[in-house]
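Numbering (our numbering), first residue to last: 36 to 379. This report refers to the structure that appears directly beneath it.
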Amino acid sequence: MHEIRKDVVRDNWVITATEFVLKPRDVPVKKLSAGEGGPEPGYNPHCPFCEGNEAVTTDEITAFREAGSPPNKPGWTVRTILNKFSALDMSGELDMQKDGIFEHGNGFGQHEVIIETPLHGQDFHRLPLNRIEAVFKMMRRRYNDLVRDERIKYIQIYKNRGLFAGASLEHSHSQIVALPMVPANKNVLSQYYQEHDHCLICEMVKAERVKQERVVYEGDKFIIICPYASRFPYESWIIPRRHTSHFGDINDDEIKEIALLTKMIITAVIDGLKDPAYNMVINTAPVNVPHQEGYHWHLEINPRLLVNAGVEIATGYFINPAAPESAAALLKHLFAGQAETGAE
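Right, here's the structure in full:
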């Protein structure tokens with residue numbers, strides 16, 4: 036049996052299973068990269084992101100480095116560079132122009148790559164916990180630096196892992212895109228706040244804590260849920276328990292917890308679902324615009340077990356064959372198993 040459920044955060048609809056779940060045995064097996072079950076982490080002379088190959092990338096923006104090691108040289112643990120093939124450029128202005136019903140502007144913005152590890156084939160969820168914390172601290176650093184440019188209106192942080200998720204390089208990395216306009220689907224939370232005078236995400240967390248059927252884990256600072264209108268099988272959200280609009284406001288204690296929870300939930304997905312590709316995205320408030328108080332940032336992990344087909348492309352309505360309630364139960368079981376043994 037299926038239901039059509041309202042995705043209140045995106046003001047859209049999802050067709051989802053209610054009585055069965057896509058089983059791991061039903062997931063097609065496809066090894067996507069050396070980082071997904073490949074050889075031991077090490078050095079690849081042909082990979083631009085490996086330590087020792089700094090000369091073939093764009094100049095370093097910033098990095099966490101050994102004391103005394105110079106930029107664009109070995110000695111780093113997390114490194115940020117401009118995307119070499121970016122379609123966006125911070126020089127100049129957006130300069131929007133109209134031509135009848137058509138509208139265009141310059142390719143203004145910034146596209147950066149955060150290289151998460153010096154080693155080739157070292158998957159993000161296999162990094163030591165302090166190294167995952169360092170990645171989140173780098174994300175915070177770059178977010179708060181980009182926000183200072185008032186021409187930027189939205190900052191999207193994301194990670195593609197595996198070919199099905201859009202990754203073009205296997206070396207573990209995430210990306211940041213700074214845009215001069217706010218994507219339309221980011222306005223729903225602000226509109227809800229203006230109409231109801233409270234935060235939609237806070238209301239969602241409150242309701243999920245009462246029901247418990249889609250809660251994977253509750254920590255001191257974050258809660259993990261499989262959302263009611265999940266677009267992807269085994270989709271999970273890590274949501275701050277305190278109301279906070281901007282990812283850039285995350286503090287060090289919160290980074291410690293979200294690093295641990297991200298490591299554990301991704302490990303549960305990877306180990307429990309035959310090593311799938313996934314997208315990790317941080318949804319946050321627009322910047323340098325009014326009415327930001329209704330936003331509530333959160334991190335989404337979307338396993339890519341199926342290929343989006345014609346109906347998703349034509350309507351924007353996702354079909355999810357995995358009931359979020361059953362998905363939450365499985366992830367909770369896998370998560371609890373890690374908690375018993377301890378995260379690596």
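Quick reminder that beta carbons are idealized off the backbone N, C-alpha and C, glycines included.
Rounded distance between the beta-carbons of residue j and residue i, thought under 8 angstroms
i: valine 91; j: proline 83; result: 5 angstroms
i: glutamine 229; j: histidine 326; result: 7 angstroms
i: threonine 51; j: asparagine 355; result: 4 angstroms
i: tyrosine 178; j: glycine 283; result: 4 angstroms
i: tryptophan 272; j: isoleucine 259; result: 7 angstroms
i: phenylalanine 99; j: methionine 173; result: 7 angstroms
i: arginine 339; j: phenylalanine 199; result: 4 angstroms
i: aspartate 306; j: leucine 369; result: 7 angstroms
i: aspartate 255; j: glutamate 292; result: 7 angstroms
Contact check, residue i vs residue j, beta carbons under 8 angstroms
i: glutamine 210; j: asparagine 118; result: yes
i: leucine 129; j: leucine 295; result: no
i: isoleucine 96; j: threonine 112; result: no
i: proline 76; j: glycine 156; result: yes
i: isoleucine 150; j: histidine 206; result: yes
i: proline 359; j: serine 265; result: yes
i: histidine 160; j: threonine 302; result: yes
i: asparagine 337; j: tyrosine 193; result: no
i: leucine 366; j: tyrosine 269; result: yes
i: glycine 142; j: aspartate 158; result: no
i: valine 245; j: cysteine 261; result: no
i: proline 105; j: glycine 87; result: no
i: valine 316; j: valine 44; result: no
i: tyrosine 263; j: arginine 249; result: yes
i: glycine 329; j: tyrosine 227; result: yes
i: isoleucine 136; j: threonine 297; result: no
Residues bridged to residue i [DSSP beta-bridge criterion]
i: phenylalanine 99; result: Val113
i: glycine 77; result: His155
i: proline 41; result: Correcting the residue type first, residue 41 is lysine in the shown sequence and not proline. DSSP output for lysine 41 lists Trp48 as bridge partner(s).
i: glutamine 373; result: Paired residue(s): none; glutamine 373 is not in a bridge.
i: histidine 278; result: Answer is none; histidine 278 lacks a bridge partner.
i: isoleucine 19; result: It is not possible to answer for residue 19, since the shown part of the chain is limited to 36 through 379.
i: leucine 214; result: Tyr189
i: histidine 139; result: Gln132
i: serine 271; result: Ile336
Closer than 7 angstroms: residue i CB and nearest the ligand NAP heavy atom
i: isoleucine 285; result: The model depicted lacks the ligand NAP and carries no ligand whatsoever.
Stretch-stretch touch, CB-based, cutoff 8 angstroms, three pairs: the segment 202–215 with the segment 231–248: no
Residue ranges of each alpha helix (DSSP H) within the segment 281–351, 4 or longer: 287–307 and 345–350
contact_flag[the segment 314–332, the segment 177–194] where n(CB pairs < 8 angstroms) is 3 or more: yes
Whole runs of the beta strand (DSSP E) within the segment 227–269, excluding any shorter than 3 residues: 250–253 and 257–260
Any beta strand (DSSP E) of 3 or more consecutive residues that is wholly inside the segment 141–210: 145–150 and 189–196
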